[in-house]
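Everything on this sheet refers to the single structure shown next.
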Amino acid sequence: MVEHIIAYLGDALGTSLVFLLALLARIAASIAGVVNGEAPPYTAIVDAIIIASLAVILARVYLIHIRKHHHP
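See the structure below:
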């Protein structure tokens, strides 16, 4: 049981890390666009808000899944 939870958390964290790295790359690209004058300044702020929201949603989904399936 514990091994299953640890394995699931490892998979979830691995997936989350790849997801978050992709989102961080998106933020970096939007910041570069703002710095180079190719994008309006609010672009980076909007991207950061969207990414923070997605991260919170992802964390909640994982917590709900763990509570439903791994705790009696």
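Using numbering that gives the first Met the number 0, you'd call the opening residue of the sequence shown number 0 and step up by one each time. Glycine included, every Cβ here is placed at the ideal spot set by N, Cα and C. All values derive from a computational prediction rather than experimental measurement.
Close beta carbons around residue i, own chain, < 7 Å, minus the five adjacent residues each side
i, result
"Gly32", "Ala38 and Thr42"
"Ile26", "Ala43, Asp46, Ala47 and Ile50"
Alpha carbon of residue i to alpha carbon of residue j, nearest angstrom
i, j, result
"Ile63", "Leu57", "10 Å"
"Ile65", "Leu16", "18 Å"
"Arg59", "Gly36", "36 Å"
"Tyr61", "Ala24", "23 Å"
"Val34", "Lys67", "45 Å"
Buried or exposed (CB count within 10 angstroms, at least 16 for buried), residue i
i, result
"Ala29", "The residue you asked about is not Ala; residue 29 is Ser in the sequence shown. Flag for Ser29 reads buried."
Cβ separation of residue i and residue j, assumed to be a contact under 8 Å, to the nearest whole Å
i, j, result
"Leu19", "Ala54", "7 Å"
Neighbourhood of residue i by C-beta distance below 6 Å, restricted to the same chain and skipping five residues each side
i, result
"Ile50", "Leu22"
"Pro40", "Val33"
"Ser52", "none"
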